[in-house]
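If you're matching positions, the sequence shown starts at 52 in the numbering used here and goes up one per residue.
Beta carbons: idealized from backbone N, C-alpha and C, even for Gly.
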Amino acid sequence: MADIQVRLPDGSVRQVPAGTTPAELLDTTTAGDPFVVTVDGQPRDLHRPLLADATLAPVPAASDLGREVLRHSTAHVMAQAVTDLFPEAKYAIGPPVEDGFYYDFDVPEPFTPDDLGRIESRMRKIIKSGQRFQRAELSHEEGLARFADQPFKLEIIGAVDEFKGAGAATGAPDADGTVSVYDNVGRDGEVVWSDLCRGPHVPNTRRLGAFKLLRVAGAYWRGDEHRPQLQRIYGTAWESQEALDAYLHQLEEAERRDHRKLGQELDLFHFPPEIGGGLPVFHPKGGLVRKLMEDYSRAEHEKAGYDFVWTPHLAKSTLYEISGHLDWYADGMYPPMEMEGATYYPKPMNCPGHILIYSSRGRSYRELPLRLFEFGTVYRFERSGVLHGLTRVRGITQDDSHIFCTPEQLAGELADLLQFVLRLLRTFGLTELELELSTRPEKYVGEPAEWDEATAALRSALEASGLPYTVAEGEGAFYAPKIDVHVKDAIGRRWQMSTLQVDLQEPQRFGIEYTGPDNAKHRPYMIHRALFGSVERFFGILLEHYAGAFPTWLAPVQVELVPVADRHLEYASKVAESMRAAGLRVEIDDSGGRMQAKVRDAQLQKIPYILVLGDKDQDADAVSVRTLDGSERRGLPLDDFLAHITAEVEAKREATLPAEPGA
Ligand SMILES: [Zn+2]
Ligand SMILES: [Zn+2]
């Protein structure tokens with residue numbers, strides 16, 4: 052065969068015979084022992100021969116692509132284990148997914164947790180046995196013959212066009228009908244198991260092993276409820292045992308922090324079936340936290356020069372015809388209501404209402420920027436299947452504002468706004484922030500010059516923030532470039548939070564104007580900005596971030612008083628009185644139970660400070676303080692504790708034990 056030129060990761064070019072494999076060319080010591088490579092940017096097996104000039108790059112296991120390959124390879128091993136243990140099982144498809152993989156099977160009986168354990172042990176045996184993953188190309192007919200007893204594979208082979216582009220893991224045939232297959236080959240060279248697949252795969256099962264099967268769920272073949280229901284086994288797999296352990300720990304933490312569970316345990320909110328999915332009610336304690344969040348937000352908006360407005364929950368179709376929502380957002384809106392010959396809709400967004408306030412009279416440049424703010428509840432249709440506690444609801448209260456300004460004011464306004472948003476998020480304890488700029492998509496409305504101006508203004512706001520940011524080219528809404536603020540919570544999960552958009556459509560559609568210093572009419576820029584995004588979702592995220600233990604300023608009950616015996620009740624009332632006088636939220640446990648049990652109850656309610664009051668405390672006008680982490684300080688003068696906690700609430704810090712004197 053002729054020679055080919057291969058560019059290696061170090062930049063050197065080697066001339067080798069066609070048919071040489073990447074494995075033969077890569078110095079595995081410097082390449083960090085890769086198990087897959089990219090060839091001209093496309094993922095490929097280490098042992099697949101190179102037939103033309105190419106550029107090679109090793110793919111490390113600890114990368115997105117590396118993990119995808121090891122997860123999908125683990126899925127093959129799982130399917131092999133399932134067919135070993137359940138010879139009647141028919142296997143469908145098994146792609147990698149975020150953080151793991153799954154494989155779908157048609158089996159007579161659903162899998163039990165016990166089955167998962169057996170499948171896992173079988174997988175460990177297969178992995179240990181060191182099977183090679185070997186690629187083969189079959190003709191259409193050979194493919195049909197090879198998978199004669201696997202109806203799902205036959206369907207995939209038969210439906211070339213339908214499956215085209217459905218993803219590598221389906222093994223959809225090439226346009227010419229060629230079918231690629233991965234054989235698992237034992238040490239004696241015998242093919243043990245095969246799957247229809249485009250690959251790539253790890254070279255050998257020994258490269259796998261840090262995995263765990265997680266759960267079973269029902270899933271319809273090709274997502275079609277008229278097709279057979281299959282059993283889907285989910286698993287996770289990582290490049291090392293440490294990475295797997297860290298992920299499993301995160302899963303456990305996420306479960307422990309699940310806001311739906313905490314909402315019930317801490318008596319904060321619930322979703323009554325009589326009201327309907329995605330529509331929560333907040334109980335007194337949850338309502339209080341919500342009020343504290345809102346009070347703080349209102350106070351900050353007031354300081355920052357916002358005007359408070361209010362708009363109704365229903366509006367005529369006329370409004371959403373002008374705004375265009377009925378054209379491009381109808382799927383997210385609730386069905387209309389007919390009243391007295393007019394059609395009304397629950398509002399999906401607050402913006403059109405705010406624009407009507409702007410345009411209620413003529414505006415001069417002297418009034419700009421005009422910053423309108425509202426806690427406005429909007430209603431959006433979400434399928435019942437995607438609802439998820441408070442983080443995906445149907446009634447969304449936005450801390451919504453719309454800012455109308457001149458082109459000259461735009462950059463400065465956005466820079467201030469971004470600082471404002473970041474400061475508020477940090478106050479809520481969300482300090483790991485990531486910023487992203489989304490620019491003009493292919494399909495857009497408005498003038499390119501306006502897009503450029505708005506995008507440049509957003510970019511300069513990002514630069515001024517001093518934080519690193521990424522750019523998502525072409526990812527803006529069709530009517531607006533935007534900045535998204537993402538936060539990382541206490542266990543490293545990323546949440547999209549606040550958004551700043553420069554709207555290039557609505558001012559045009561509503562024809563809003565202002566009179567400039569030149570006495571001529573001009574069109575203002577309009578900025579949409581939601582900070583919490585949705586109060587409900589923000590509440591859910593905070594609850595998980597703090598695992599229910601809100602910082603003192605947000606805690607529904609800040610101090611629990613635990614009298615050691617009934618003879619300390621009177622002293623407890625006196626202490627409670629002085630705390631209430633200082634504006635603190637305090638509760639006395641006068642249940643008469645044992646002291647330890649009362650302390651335990653207060654800890655379960657995640658009350659930041661538990662004060663145990665006994666004889667010595669009573670005699671000295673003192674308190675014995677415990678915080679949630681179990682640390683304790685005895686005999687602290689009551690006045691000192693009051694000074695400590697009020698300063699902490701004022702500064703919105705998290706709860707800490709008062710320092711020992713002289714410490
Ligand atoms: Zn595969
Ligand atoms: Zn808006």
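Query                                                                                                                                                                       : Result
Can you pull the DSSP bridge partners for Q56?                                                                                                                              : Q66
Quick check: the Cα distance between R704 and G337, rounded to an integer number of angstroms?                                                                              : 20 Å
Run the CB neighbour count on D554, radius 10 Å, all protein chains shown included, and call it buried at 16 or more, exposed below.                                        : buried
Which class does C248 belong to by DSSP, given the choice of helix, strand or coil?                                                                                         : coil
To the nearest angstrom, how far is it from the Cα of A714 to the Cα of L319?                                                                                               : Model confidence at A714 stands at a pLDDT of 49, short of 50, so the residue's coordinates are unreliable; what they give is reported in the following sentence. Cα-Cα distance, rounded: 38 Å.
DSSP three-state call for S585: helix, strand or coil?                                                                                                                      : coil
DSSP on Q185, reduced to helix/strand/coil?                                                                                                                                 : strand
Pick out every residue whose C-beta is nearer than 5 Å to a heavy atom of ligand 2: which are they, in chain order?                                                         : C402 and H579
In the DSSP assignment, what residue or residues form a beta bridge with E487?                                                                                              : T521 and D535
With DSSP as the reference, please indicate the residues paired to I512 in a beta bridge.                                                                                   : For the sequence presented, residue 512 should be read as Ala rather than Ile. A512 is not bridged to any residue.
Regarding Y233 and ligand 1, is the C-beta to nearest heavy atom distance less than 7 Å?                                                                                    : yes
Classify E699: buried if its beta carbon has 16 or more other beta carbons within 10 angstroms, exposed otherwise.                                                          : buried
Between which two residues does the beta strand (DSSP E) holding Q280 run?                                                                                                  : Q280 to W289
Determine contact between the stretch 234 to 249 and the stretch 175 to 185, defined as no fewer than three beta-carbon pairs at a distance below 8 Å.                      : yes
For the alpha helix (DSSP H) containing K657, list its first residue and its last residue.                                                                                  : Here K657 belongs to no alpha helix (DSSP H), and DSSP marks it neither H nor E.
For ligand 1, is there any heavy atom lying closer than 7 Å to the beta carbon of G151?                                                                                     : no
Quick one: grab the DSSP three-state call for V553.                                                                                                                         : strand
Quick one, are the C-beta atoms of A633 and L708 less than 8 Å apart?                                                                                                       : no
Taking all protein chains shown into account, do 16 or more other C-beta atoms lie within 10 angstroms of the C-beta of D61, making it buried, or fewer, making it exposed? : exposed
Pick out whichever of G228, F156 and F262 has its Cα sitting closest to the Cα of E188.                                                                                     : G228
Which residue marks the beginning of the beta strand (DSSP E) containing D150, and which one marks its end?                                                                 : No beta strand (DSSP E) holds D150; DSSP gives it neither H nor E.
Excluding the 5 residues flanking A531 on each side, which residues of the same chain have their C-beta closer than 8 Å to its C-beta?                                      : A505, Q552, V553, D554, L555, Q556 and H579
Are Y285 and R258 closer than 8 Å when you measure CB to CB?                                                                                                                : no
Since G356 and R422 should fall inside the 8 Å C-beta cutoff, what is the C-beta to C-beta distance between them, to a whole number of angstroms?                           : 6 Å
Considering just the uninterrupted stretch of the alpha helix (DSSP H) at K179, what are its terminal residues?                                                             : P164 to K179
What are the start and end residues of the beta strand (DSSP E) that includes L476?                                                                                         : That residue, L476, is in no beta strand (DSSP E); its alpha helix (DSSP H) goes P458 to T478.
Which of the three DSSP states, helix, strand or coil, is assigned to S368?                                                                                                 : helix
Name the two residues that bound the continuous alpha helix (DSSP H) containing E621.                                                                                       : L620 to A632
Y271 and L281: beta carbons closer than 8 Å?                                                                                                                                : yes
Mind checking whether P94 and P109 have CB atoms under 8 Å apart?                                                                                                           : no
Does ligand 1 have even one heavy atom less than 7 Å from the beta-carbon of H376?                                                                                          : no
What are the start and end residues of each continuous alpha helix (DSSP H) run of 4 or more residues lying completely inside the stretch 555 to 579, in chain order?       : 557 to 561
What residues in its chain sit with their C-beta under 7 Å from that of Q56, if we drop five residues either side in the sequence?                                          : V64, Q66 and D104
Report all residues from its chain with a CB closer than 6 Å to the CB of A736; omit the five preceding and five following residues, and keep chain order.                  : What is shown of the chain runs 52 to 714, which leaves residue 736 out entirely.
Any heavy atom of ligand 1 closer than 7 Å to the Cβ of H596?                                                                                                               : no
Residue ranges of each alpha helix (DSSP H) run of no fewer than 4 residues wholly in the stretch 101 to 154, ordered along the chain?                                      : 115 to 136
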